[in-house]
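Undergrad: Protein chains in written order, with our numbering: chain A, 822 to 1360; chain B, 1349 to 1467. For glycine and all other residues, C-beta sits at the position ideal for the given N, C-alpha and C. Nothing here was measured: the structure is a model prediction, and the numbers come from that model.
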Amino acid sequence: MINFKSNINIRGSLSIYDNCQVLSIYHSSDLPISGNDPANIRLLKSALDSSISGIIITDNTQFDNPIIYCNKAFEGLSGYSREEVIGRNCRFLQGNERNQQAREDIRKAVTGGDSITVELRNYRKGGELFWNELYISPIFGEAGQVTHFIGVQNDITRRKNAEENLQHEREQVELKIEKRTWELNENREYLDSIIQTIRQGLIVLDPEYKVISANDFFLKTFKVENRDTIGRSLYDLGNGQWDIKQLRVLLEQILPSNNPVLDFEVDHEFPHIGRKLMLLNAHRIEIEGSFKDRILIAIEDITEIRASENRKDDFLSVSSHELKTPLTTIKGYNQTILRLLPADINPKIPMMVNKSGKQIDRLQNIITSLLEMSRIQSGKLVLDADSIDMNILIKEMLEEAQEGNPEHILIFEGQTNHTIPADESQISQVLQNLITNAIKYSPDSRKIKLMLTEVSNYIKVSITDYGFGISQEDQKMIFDRFFRVSTIQKHFPGMGIGLYICAQIIKQHGGTLWVDSEPGKGATFSFTLPIKAKESGDE
Amino acid sequence: MSKKLLICDDDRDIVEMLEIVLDESGYEIITETDSKRVLELISNIRPQLVLMDLWMPVISGDEILKRMRKDKNISSIPVVIMSAAQDGKAVALKAGANGYIPKPFDIDRLLQRVNEFIS
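#1: Can you tell which of A/THR938, A/ASP1207, A/LEU950, A/GLU954 has its C-alpha closest to the C-alpha of A/GLY916?
#2: Output yes or no for whether 8 Å exceeds the beta carbon distance between A/GLY897 and A/GLN974.
#3: Nearest CA to the CA of A/GLY1341: which residue from A/ILE957, A/PRO1264, A/ARG919, A/THR932?
#4: Report the rounded CA-to-CA distance for A/ASN920 versus A/SER1014, giving the unit in angstroms.
#5: Look at the alpha carbon of A/LEU1184 and the alpha carbon of A/VAL1045, and state the distance between them as a whole number of angstroms.
#6: Tell me which residues of the region 1419-1451 of chain B have at least one Cβ-Cβ distance to chain A shorter than 9 Å, keeping chain order.
#7: Count the other C-beta atoms from every protein chain shown that fall within 10 angstroms of the C-beta of A/MET1173, then say buried if there are 16 or more, exposed otherwise.
#8: What residue range does the alpha helix (DSSP H) around A/GLN974 cover?
#9: In the DSSP assignment, what residue or residues form a beta bridge with A/PHE951?
#10: So which residues of chain A does B/MET1365 contact, with C-beta pairs closer than 9 Å?
#11: Using a Cβ-Cβ distance under 8 Å, would B/ILE1368 count as near chain A?
#12: So, helix, strand or coil for A/ASP1135, using DSSP?
#13: So, does the CB of A/THR1368 fall closer than 8 Å to a CB anywhere in chain B?
#14: Give every residue of the same chain whose Cβ lies closer than 7 Å to the Cβ of B/ALA1445, excluding the five residues on either side of it in the sequence, and list them in chain order.
#15: Starting from A/MET1099, trace the beta strand (DSSP E) in both directions and tell me its first and last residue.
#16: Hey, does A/LEU1137 have any beta-carbon neighbour from chain B nearer than 8 Å?
#17: Give me the DSSP bridge partner(s) of A/PRO1351.
#18: In three-state DSSP terms, what is A/ILE1318?
#19: State the beta-bridge partners of A/LEU1334 as determined by DSSP.
#20: Give the DSSP-derived three-state secondary structure of B/VAL1406 in the structure shown.
#21: Would you verify that the beta carbon of A/LEU1192 is, or is not, closer than 8 Å to some beta carbon of chain B?
#22: May I ask you to report which of helix, strand or coil DSSP gives A/TYR956?
#23: From this set, A/ASN1079, A/VAL1276, A/GLY1343, which residue's C-alpha is nearest A/GLU1107's C-alpha?
#24: In whole angstroms, what separates the C-alpha of A/ILE1291 from that of A/VAL1282?
#25: Going along chain B, which residues have a C-beta under 8 Å from A/SER1141?
#26: Short of 8 Å in beta carbon distance, which residues of its chain neighbour A/PRO887, apart from the five on each side in sequence? Order them along the chain.
#27: Please confirm if B/ASP1371 has its CB atom under 8 Å from at least one CB of chain A.
#28: Helix, strand or coil for A/ASP1298? Go by DSSP, reduced to three states.
#29: When you compare the CB of B/PHE1453 with every CB in chain A, is at least one pair closer than 8 Å?
#30: Leaving out five residues before and five after A/MET1272 in sequence, what residues of the same chain have Cβ atoms less than 6 Å from its Cβ?
#31: Along chain B, which residues have their Cβ under 9 Å away from the Cβ of A/GLN1250?
#32: In the DSSP assignment, find the beta strand (DSSP E) that holds A/THR882 and state where it starts and stops.
#33: For A/LEU1255, which of A/LYS1169, A/GLN1293, A/ILE1299, A/ASP1244 has the nearest alpha-carbon?
#34: If you draw a straight line from the alpha carbon of B/THR1381 to that of A/LYS1066, how long is it in whole angstroms?
#35: Over the uninterrupted beta strand (DSSP E) stretch that includes A/VAL1082, give me the two end residues.
#36: Please report the Cβ distance between A/ASP1286 and A/TYR1321, rounded to the nearest whole angstrom; I am assuming they are in contact, meaning their Cβ atoms lie under 8 Å.
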């Protein structure tokens, strides 16, 4: 009590205020406690001191509104003791932050005699920041003038920090969302640009086969606009070009069975663009989520590609025909001349006719090889599956080769009990090539051996010569197109396509062609052919 | 009555060459280079064998063959197709040919083939 009293003495010329008096002023109208009873005042003071809110009273009738009272909670709140507080204006709590918006609000309230609640950034004695929720309420004198202000203060730093943290978090999340959205947009634009650049028409259908979107190339290809397309059923587009029974069946199976539609060809008179051959591929979107069960359709205009393929095929078959037709007459007459030669003729003549006959056969082989190679290149090596008796075929081929090469001894060993499904003319070509090679590359050795065996469900044919042989290095490449063993090039002309064609033909039949050789000792070329036809047919 | 062999090819050189080759083998050879007249000719002379090219102007060998197979009077006459076309064999067999000889051919083989059908 003594301390309390001593503290209300304000220095200098200011009027001295009794704190107890102020209390009595403040409470006279609100509390059922009579004015100046010291016991009551002590009670009130205890009540104020036990408040957890900091409470101050300022005197408005004095210069600069000095603080004339503070309770214990205020001391705890601000870190200042009562001695340090009394007589000062409240603003000292604001440290250097004198320009807070709340201060302006306080000034207005004080001037106008209004009550107000503000949140202020205040500083404890130690310089530590705290958020102060300040409630200011005026006290009026008997003449109605404002005599005092009560300030009730609460440290809301924790709440404020929590709010600030929350706000910060929110801002961070917003930033992240913004960034993510931007990334997604960027990603979408990137994917869009890919889709728009693709030289294939792409449309997306909903599970009811209605078009959800179409890329630029689709619109361009069919010379249509988005409004002719989006939202319409696939089957209603154009002049019903996609309303094909077979296609409907396939598309309807996509969703339940997940079977994609692959390379479906549509040959149709399309509106705006005329007759075109379109290749259609369709897949279901399988990823779970909002895009599930949409159907992606890619449409490619293959009119030109197909036409160009056909032109190439036409060119090949016309070339074949045009090259072989004159050769037919030449060969026929050449052989007929030989047959009609009188017995007593100059022996040089049949020799010459024979030689030209050999060159005619060589030319025929070259033409056949070139055409076969072109067909292999365009993937059109068609197989005419005959039932071949390899025993007979090999025997015939060997007899023919023996006739033309009397200086070599051609031996045939082994046999098969099966006929095999293969193209006779192509297998003949392989045998002829391998036998010719064996003879050609073994000029100093006489023996050529041909073995026919059955291995598992294959027949195996091996042709062995005892000639130059082939180095390990060259063995890897002899089945490549246009490859020729360099040491042989000068002495044995050729184009280097024979073994390439042989390997391709054997591969197409489902077998393998390989070589075993040691330089200087000769070479064995072997190939296998399946005894039963391939399940899948042509490749 | 000797056995008749009809040779039909739009290439006159080939027809003449075949005429010489087959003439020595003792058959009666009838030749035709105009494919439009072939069907009528076959109906008239009813040969024992027809040796026919595939690619001919106006009407192709496989087309003639198909029409022959539909005509009861001549449907059973054997036809051997000879061609320099890449897919000649497949086309010929599909149209109902009894045999196929790729061009260029060996004279020996040709004679052998012809004999198989005529004897």
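TA: Straight from the coordinates:
#1: Minimum Cα distance to A/GLY916 is reached at A/LEU950.
#2: Contact: no.
#3: If we check each option's Cα against that of A/GLY1341, A/PRO1264 comes out closest.
#4: A/SER1014 has its alpha-carbon roughly 53 Å from the corresponding atom of A/ASN920.
#5: Approximately 55 Å between the Cα atoms of the pair.
#6: Listed by position along the chain: MET1430, SER1431, ALA1432, ALA1433, GLN1434, ASP1435, GLY1436, LYS1437, ALA1438, LEU1441, PRO1450, LYS1451.
#7: So A/MET1173 counts as exposed.
#8: Premise fails: A/GLN974 lies in the beta strand (DSSP E), 967-976, not in any alpha helix (DSSP H).
#9: DSSP output for A/PHE951 lists A/ASN943 as bridge partner(s).
#10: Contact note: B/MET1365 reaches chain A through THR1149, THR1150, GLY1153, TYR1154, THR1157, using a C-beta cutoff of 9 Å and chain order.
#11: Yes, contact with chain A.
#12: It is helical.
#13: Only positions 822 to 1360 of chain A appear in the structure, and residue 1368 of chain A is not among them; the question remains open.
#14: Within the same chain, B/ALA1445 has close Cβ partners LEU1413, VAL1427, VAL1428, ILE1429.
#15: Residues 1095-1105.
#16: At least one chain B Cβ lies under 8 Å of A/LEU1137.
#17: DSSP, once it has assigned bridges, lists A/TYR1279 as partnering A/PRO1351.
#18: Here A/ILE1318 sits in coil by DSSP.
#19: Note: A/LEU1334 sits in a beta bridge opposite A/PHE1348.
#20: Note: B/VAL1406 maps to coil in three-state DSSP.
#21: Yes - at least one Cβ of chain B is within 8 Å of the one on A/LEU1192.
#22: Three-state result, A/TYR956: strand.
#23: Of the listed residues, the one whose Cα sits closest to A/GLU1107 is A/ASN1079.
#24: Looking at the two C-alpha atoms, the distance is approximately 19 Å.
#25: For A/SER1141, the C-beta contacts it makes with chain B under 8 Å involve ALA1432, ALA1433, GLN1434, in order along the chain.
#26: Counting only Cβ-Cβ distances below 8 Å, and skipping sequence neighbours, we find ILE831, LEU835, THR879, ASP880, ILE907, GLY908, ARG909, ASN910.
#27: With 8 Å as the cut-off, B/ASP1371 does not count as an interface residue toward chain A.
#28: First, the amino acid is wrong: residue 1298 of chain A is Met here, not Asp. Three-state DSSP puts A/MET1298 in coil, outside helix and strand.
#29: For B/PHE1453, the answer is yes, since a Cβ of chain A falls inside 8 Å of its Cβ.
#30: So the qualifying residues of the chain are GLU1234, GLY1235, SER1283.
#31: In chain order: nothing, as chain B lies at least about 11 Å away.
#32: Taken as a continuous stretch (DSSP letters only), A/THR882 belongs to no beta strand (DSSP E), as it is neither H nor E.
#33: Nearest of A/LYS1169, A/GLN1293, A/ILE1299, A/ASP1244 to A/LEU1255, Cα basis: A/ILE1299.
#34: Their Cα atoms are separated by approximately 47 Å.
#35: It spans 1082-1091 - the beta strand (DSSP E) in which A/VAL1082 sits, taken as one unbroken run.
#36: That belief does not hold up - the Cβ atoms of A/ASP1286 and A/TYR1321 are roughly 19 Å apart, past 8 Å.
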